[in-house]
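Novice:
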Amino acid sequence: TLAPAAPIVPTGMALLVAVTALNVVGVGKLSKVQIVVATISVVGLVALMIGGFSSYRAAHFDPLFPKGASGFLSAAAFVFVSYAGVTKIAALAGEVKNPDKNLPRGITITLLVAATLYGVVNFALAAVVPMDRLVGNLRPIYALADVVGGRKLGIAAAVLSIVTMTSMAAAGLLASSRFPYAMARDKLLPALLGGVSVRTRSPVPAISATAVFMGLSIATLDVMKIAKLASAFTILMYMAECLAVIVLREGRVSWYRPTYRAPLYPVLPIAGVISGLGLVILLGLLPSVGALVLSLLGAMIFFGYSRSRTAERGVVSKIGRRDDLLSSARSERPPSQPVVSSAQVVVALFGNERSPEMLVDVGAALSDEGRTHVMHFTEVDDATEAEALLEQDDAFTASLERRIGAMAEETGMPIAFDAVATRDIVRSVHAVTDQAHCDWIVMQWQGRPRRSLTSLTPVGWLINHLPANLAIFKDSGVRYVRKILALPAPGPHDALVVRTADHLAMRYRAAITLARFVSEDAPEEEVDTERDYLAQLDRLCEADAEQELIVGAAKVPAIASATAGFDLLVMAGPQVNWRNLLLTSVEDRITEQAACSVLRLRTPRGGIHAAYSKRAEHSPAARRIRLVDYVGEGDAVARVDARQKSAMMSYLARHFAERLDGQTLRAIEDAFLEREKEQNTGVGNGVALPHGTMEVGPRAVVGIFTLREPIDYGAIDDEPVDVLFATLCPSSEREAHLQLLSDIARLASLTDVLERLRAAEDGEAMIRAITECSEQLAEA
Numbered sequence: 005t006l007a008p009a010a011p012i013v014p015t016g017m018a019l020l021v022a023v024t025a026l027n028v029v030g031v032g033k034l035s036k037v038q039i040v041v042a043t044i045s046v047v048g049l050v051a052l053m054i055g056g057f058s059s060y061r062a063a064h065f066d067p068l069f070p071k072g073a074s075g076f077l078s079a080a081a082f083v084f085v086s087y088a089g090v091t092k093i094a095a096l097a098g099e100v101k102n103p104d105k106n107l108p109r110g111i112t113i114t115l116l117v118a119a120t121l122y123g124v125v126n127f128a129l130a131a132v133v134p135m136d137r138l139v140g141n142l143r144p145i146y147a148l149a150d151v152v153g154g155r156k157l158g159i160a161a162a163v164l165s166i167v168t169m170t171s172m173a174a175a176g177l178l179a180s181s182r183f184p185y186a187m188a189r190d191k192l193l194p195a196l197l198g199g200v201s202v203r204t205r206s207p208v209p210a211i212s213a214t215a216v217f218m219g220l221s222i223a224t225l226d227v228m229k230i231a232k233l234a235s236a237f238t239i240l241m242y243m244a245e246c247l248a249v250i251v252l253r254e255g256r257v258s259w260y261r262p263t264y265r266a267p268l269y270p271v272l273p274i275a276g277v278i279s280g281l282g283l284v285i286l287l288g289l290l291p292s293v294g295a296l297v298l299s300l301l302g303a304m305i306f307f308g309y310s311r312s313r314t315a316e317r318g319v320v321s322k323i324g325r326r327d328d329l330l331s332s333a334r335s336e337r338p339p340s341q342p343v344v345s346s347a348q349v350v351v352a353l354f355g356n357e358r359s360p361e362m363l364v365d366v367g368a369a370l371s372d373e374g375r376t377h378v379m380h381f382t383e384v385d386d387a388t389e390a391e392a393l394l395e396q397d398d399a400f401t402a403s404l405e406r407r408i409g410a411m412a413e414e415t416g417m418p419i420a421f422d423a424v425a426t427r428d429i430v431r432s433v434h435a436v437t438d439q440a441h442c443d444w445i446v447m448q449w450q451g452r453p454r455r456s457l458t459s460l461t462p463v464g465w466l467i468n469h470l471p472a473n474l475a476i477f478k479d480s481g482v483r484y485v486r487k488i489l490a491l492p493a494p495g496p497h498d499a500l501v502v503r504t505a506d507h508l509a510m511r512y513r514a515a516i517t518l519a520r521f522v523s524e525d526a527p528e529e530e531v532d533t534e535r536d537y538l539a540q541l542d543r544l545c546e547a548d549a550e551q552e553l554i555v556g557a558a559k560v561p562a563i564a565s566a567t568a569g570f571d572l573l574v575m576a577g578p579q580v581n582w583r584n585l586l587l588t589s590v591e592d593r594i595t596e597q598a599a600c601s602v603l604r605l606r607t608p609r610g611g612i613h614a615a616y617s618k619r620a621e622h623s624p625a626a627r628r629i630r631l632v633d634y635v636g637e638g639d640a641v642a643r644v645d646a647r648q649k650s651a652m653m654s655y656l657a658r659h660f661a662e663r664l665d666g667q668t669l670r671a672i673e674d675a676f677l678e679r680e681k682e683q684n685t686g687v688g689n690g691v692a693l694p695h696g697t698m699e700v701g702p703r704a705v706v707g708i709f710t711l712r713e714p715i716d717y718g719a720i721d722d723e724p725v726d727v728l729f730a731t732l733c734p735s736s737e738r739e740a741h742l743q744l745l746s747d748i749a750r751l752a753s754l755t756d757v758l759e760r761l762r763a764a765e766d767g768e769a770m771i772r773a774i775t776e777c778s779e780q781l782a783e784a
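Numbering (the numbering used here), first residue to last: 5 to 784.
(1) Leaving out five residues before and five after aspartate 645 in sequence, what residues of the same chain have Cβ atoms less than 7 Å from its Cβ?
(2) Is DSSP giving glycine 577 helix, strand or coil here?
(3) Report buried or exposed for glutamate 550, applying the criterion of at least 16 other Cβ atoms within 10 angstroms of its Cβ.
(4) For arginine 431, count neighbouring Cβ atoms within 10 angstroms of its own Cβ and tell me buried if that reaches 16, exposed if not.
(5) Relative to the C-alpha of valine 83, which candidate in Arg503, Leu287, Asp536 has its C-alpha closest?
(6) Once DSSP output is grouped into helix, strand and coil, what is the label at glutamate 546?
(7) In terms of alpha-carbon separation, which member of Leu518, Asp532, Gly280 lies closest to leucine 77?
(8) Output the distance between the C-alpha atoms of arginine 253 and isoleucine 111, rounded to the nearest integer angstrom.
(9) What separation, rounded to the nearest whole angstrom, lies between the Cα atoms of arginine 486 and aspartate 506?
(10) What three-state label does DSSP hand leucine 142 in the structure shown?
(11) Taking C-beta to C-beta, are glycine 577 and leucine 541 nearer than 9 Å?
(12) Take lysine 191 and list the residues in its own chain whose beta-carbon comes closer than 8 Å to its own, dropping the five residues that flank it on each side.
(13) Thinking just about the alpha-carbon of each residue, which of Glu759, Arg630, Met770 is nearest to the one in serine 778?
(14) Out of Asp716, Ile93, Ser589, state which residue places its alpha-carbon closest to the alpha-carbon of alanine 651.
(15) Jot down the residue ranges of each uninterrupted alpha helix (DSSP H) in the region 249-323, minimum 4 residues, whole runs only, in chain order.
(16) Leucine 233 and proline 291 look like a contact to me (Cβ under 8 Å); what is the Cβ gap, rounded to whole Å?
(17) Are there 16 or more other CB atoms within 10 angstroms of the CB of valine 152, so buried, or fewer, so exposed?
(18) Does the Cβ of valine 320 have 16 or more other Cβ atoms within 10 Å, making it buried, or fewer, making it exposed?
(19) Suppose only complete runs of 4+ residues qualify. What are the alpha helix (DSSP H) ranges in the region 418-478, listed by chain order?
(20) Who pairs with arginine 513 in a beta bridge, going by DSSP?
(21) At a cut of 8 Å, does the region 552-563 reach the region 513-521 through at least three beta carbon pairs?
(22) Taking the straight line between their C-alpha atoms, what separation do you get for alanine 223 and alanine 244?
(23) Just reading off the beta strand (DSSP E) that aspartate 639 is part of, what are its end residues?
(24) Note down the Cα distance separating methionine 411 from valine 446, rounded to an integer number of angstroms.
(25) Let me know the secondary structure DSSP gives alanine 614 once reduced to three states.
(26) Can you name, in chain order, every residue of its own chain whose Cβ lies under 6 Å from the Cβ of arginine 619, other than the five neighbours on each side?
(27) Please determine, among Thr120, Asp150, Pro714, the residue with the shortest C-alpha to C-alpha distance to proline 134.
(28) The alpha helix (DSSP H) that contains lysine 101, what's its start and end?
(29) Tell me the rounded alpha-carbon separation between isoleucine 419 and leucine 587.
(30) By DSSP, does proline 360 sit in helix, in strand, or in coil?
(31) Kindly indicate which three-state DSSP category cysteine 600 falls into: helix, strand or coil?
(32) Expressed to the nearest angstrom, what Euclidean distance is found between the alpha-carbon atoms of valine 23 and leucine 353?
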């Protein structure tokens, strides 16, 4: 060796002082030193490979894997820290000129150069140096040069290796210091660490603090254990990068438009996560546990300290569950967003619409000649000033505003236009719909992009929690709507589907057909049931509607084929949950394969069939049906002791099973649960409306229940539920069921029935409250 007696720790400390000084001087000078050292290192290694060609021994490769495949993979995991450039890129990306071009180019070039050098050098080591000399050797380059050219060449190679490693340490300090610097600038660490030298423009406090931690590591920790732990962390970061690519692509983040796109998506990032996990396990228990413990510690610091001190939200937290929008402050207008006046319909444009005019036309048609407000949302990342982006996008926005204005002038419809740039598109959409107090929000159907894992929309979780009816439109290029096909299904949205299709038929002067699918081998009883169901829904239409049963071997192809004879298909949209996001739902497949344009509708959970209620206000039949007439003896129960939603569902099934002939407890519970899967029946204000469709006799049965203690029901306002109106209805009585739901809604909103039910001590007091409130409503 060059200096066998040199103390390792003092030497390491001295080199640390040198690289710290080099970092303090500035990035420019450090970069020049790095270029010189890297060039000399590459030239020296290439020369060493060429010079040692005559010393290659093929016998050294027998056996090729002395420790087997697991030994080979363990070695790969151990040296993974050599690819730690991922942290340096992440830390310094903000200081790179033209990052869109230079970062992918730099990553690709350095990866190819480094992988080639690593491969060639390791091949030369194995071919020239005997295996028994390599085992446990911490100076392999010295050993290679010693075999090729003797001790003097070995000393020269050792010096070059030390200089190269020192240069790597300098780059590591450069990158590592940027993390505390950035955190200090975001007020997540003391402000002192965010200071920058006026003379060198370097973050000297952050560099010094990082150097101190590096010095402590040199003085106290074992090098081999540090290397393993560093490799484990590097692998975890690569896994995190793979997951980040999946999150950004699947999150439909509009500002994410990379100039370089990883091939073979999503196979490549998924393979990266799985293979990375395997390498971490192969490193052994200590580095795996160490990396896990430190990761958990970092997560605890983030959630316990940092998250509350930063206003920015990550992509996952934006599209995931948004408790902040369910809080009492959710109606407050976010900064930099326009005040939106009242409108019946809000049309949300995200910039990727096939025809914004057609989408606005659909919104105007739904408005029933009320005001339509068109909002063009542009999502920006946290590093971009929203106002600056709007100025850059001014030409497109001006064109869009002109076209919408021309459309308003041509049709005579009251249509307003606004554009907003936002860092949180979910909050912005929610705020706008809240301010507008709209009946509808209209947006384009996104579909599932090619090779995508999910079918997320730009508004993510909010799709199930909008305070208005939702209309999602698939534009198939149809410009003249003359024939409309309505495809209702028993559930929370069938009245909305039929009434909306009927309204559009009146608006477009189109013919309307109500349809249901029946299988080719369906029994006659099922066919009759479907005909009765369509006949009942036909009574909701003001236009003359035809009724049709679509018969086929499979539902999706049969309906898709039938759409060839229509211009617009109106149907309910599926519940947005993880199952439907990952697996294509029946509704999605129908939408994709339909030959005409498609309008998918959802009513908010608190709406309680508002589309029916508006018609029912002027319907004599609706006034004749009273809730109290459908509540049988013993079907009003006070102070039920159920602590969970599942327990309450079981209680309801037992209660009705005792009163109904021909239905089992399991069948009744399944009917309630099936409805809950389709859409949670918690409608807010502590009220739930569990109901199911099954043959329970000639008419619906209703039970009214209050709870001893409120339960978590997953209601729309996240408030616990303590009053339940449970309904079981035969399919032949769908119209009566809708009227019952409407009556419940009117009682709850126009009388004090909820307070009286909660105060009631027994069923008699509950029936009395319902009866008296119904009479008050009738008189009013």
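Quick reminder that beta carbons are idealized off the backbone N, C-alpha and C, glycines included.
On a predicted model such as this, the values are computed, not experimentally measured, just so you know.
Specialist: Result, derived from the coordinates:
(1) Arg712
(2) coil
(3) exposed
(4) buried
(5) Leu287
(6) coil
(7) Gly280
(8) 21 Å
(9) 13 Å
(10) coil
(11) no
(12) Arg313, Thr314
(13) Arg630
(14) Asp716
(15) 271-286, 289-305, 319-323
(16) 5 Å
(17) buried
(18) exposed
(19) 429-440
(20) For arginine 513, which the question treats as bridged, DSSP gives no partner whatsoever.
(21) yes
(22) 30 Å
(23) 635-644
(24) 17 Å
(25) Low per-residue confidence applies at alanine 614: pLDDT is 48, beneath 50, and the placement is therefore not dependable, though the value from the model is reported in the following sentence. Helix at alanine 614.
(26) Because the pLDDT of arginine 619 is 47, which lies under 50, any placement of that residue in the model is unreliable, and the number read from its coordinates should be weighed accordingly. Same-chain partners within the cutoff: there are none.
(27) Asp150
(28) It is not in any alpha helix (DSSP H) - lysine 101 carries neither H nor E in the DSSP assignment.
(29) 38 Å
(30) helix
(31) coil
(32) 52 Å
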